[in-house]
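Residue 57 is where the sequence shown starts when you use this note's numbering, and the numbers rise one by one after that. Report on the following structure.
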Amino acid sequence: MGYELSHIKSYVLRAGRMSAAQRRSYETLAEGFIVPFVPEPVDLPHIFGNENPVTLEIGFGMGIATAMIAEDNPQKNYLGVEVHRPGIGRLLWEIEKRSVSNIRIIEYDAVEVLEKMIRPSSLSAFHIFFPDPWPKKRHHKRRLITRPFTDMLAEKLCPGGYIYMVTDWADYGDWALAELSATPALKNRYAGFAEHQNWRPETKFERKGLEKQHEVRELYFIRDLV
Ligand SMILES: C[S@@+](CC[C@H](N)C(=O)[O-])C[C@H]1O[C@@H](n2cnc3c(N)ncnc32)[C@H](O)[C@@H]1O
């Protein structure tokens, strides 16, 4: 299916220096865990070496929550997509520390990864934790959770698969609730915002938001069975 997706980026590459440990992890582990971007559909079972269900996480930041979730769920696979290289180095470090084998990373814009590399109905879930909120009105066009991108997310999920998004920006929460509710192939699992999912560890951006007294809003939508 073709989508008229915006070519405006949902991120600005942050300069952030890599620590020595992140650089070492990046240099030694990239080959085993980073999947290069290719402009064509990929075979996920081949990438992971098994047929386990795949959750794709957009923008894992430092990836500590990603590594914890993957460690807690060895029967599932996790594909993390991120553009911030120090964060990728950090997640690689966590992968080694925790000896997890069910994570792969793509260092590229998630919009293009989904458009080009991911086949329809091939994912069991999306995790999107604290996406850049772009609070200024003139920047709202950069917000990731916007139709028709949400239609593409739905198309990549297998029936019954879910999208779990969390934000500490009230206005982005309201916006995302409206956009996801308006996506025909998705159904809200809750009436409005979701209950807190206890299995999700706190993330770095969540902690920063809570320190500023931001309220955290969770959204949980399911791909329709039809
Ligand atoms: C506000 S941070 C949140 C990081 C992490 N999930 C957390 O909660 O600590 C958003 C992250 O999403 C990444 N990001 C934004 N748009 C992206 C895109 N289109 N593709 C890949 N990563 C993206 C940014 O690089 C950034 O690291």
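All residues carry an ideal CB built from backbone N, CA and C; glycine is no exception.
Item	Value
Rounded straight-line distance, which links the Cα of G143 to that of V167	18 angstroms
Pair within 9 angstroms by beta-carbon distance, W149 and A77	yes
Nearest-angstrom beta carbon gap, I184 and M221 [assumed within contact, 8 angstroms]	4 angstroms
Distance between beta carbons of L275 and A232, contact taken as under 8 angstroms	6 angstroms
DSSP three-state assignment for H252, whether helix, strand or coil	coil
Boundaries of the beta strand (DSSP E) in which K243 is found, first to last residue	L242 to N244
C-alpha distance - H252 paired with R198, whole-angstrom precision	26 angstroms
Residue interval of the beta strand (DSSP E) (run including H167)	This sequence places Val at residue 167; His is not what is there. Where V167 is concerned, there is no enclosing beta strand (DSSP E), although the alpha helix (DSSP H) it sits in stretches over A166 to M173.
Assigned exposure category for G217 - 16 Cβ within 10 Å defines buried	buried
Beta-carbon proximity of H140 to G248, cut-off 9 angstroms	no
Same chain, Cβ closer than 7 angstroms to P101, five either side skipped, listed in chain order	E107
T259, DSSP secondary structure in three states	coil
Coarse secondary structure for T239, derived from DSSP in three states	coil
Whole runs of the alpha helix (DSSP H) within the region 117–180, excluding any shorter than 4 residues	120–128, 141–154 and 166–173
Cβ shell of E87 (< 7 angstroms), same chain only, five flanking positions each side left out	none
Proximity to F182 [Cα-Cα], best of E60, K65 and R279	R279
Proximity test, D207 beta-carbon vs ligand 1 heavy atom, cut-off 8 angstroms	no
Cβ-heavy atom distance, L200 to ligand 1, below 8 angstroms	yes
Run of the alpha helix (DSSP H) containing E201, from where it starts to where it stops	Checking the sequence, you will find Ile at residue 201 rather than Glu. Neither: I201 is in no alpha helix (DSSP H) and is coded neither H nor E.
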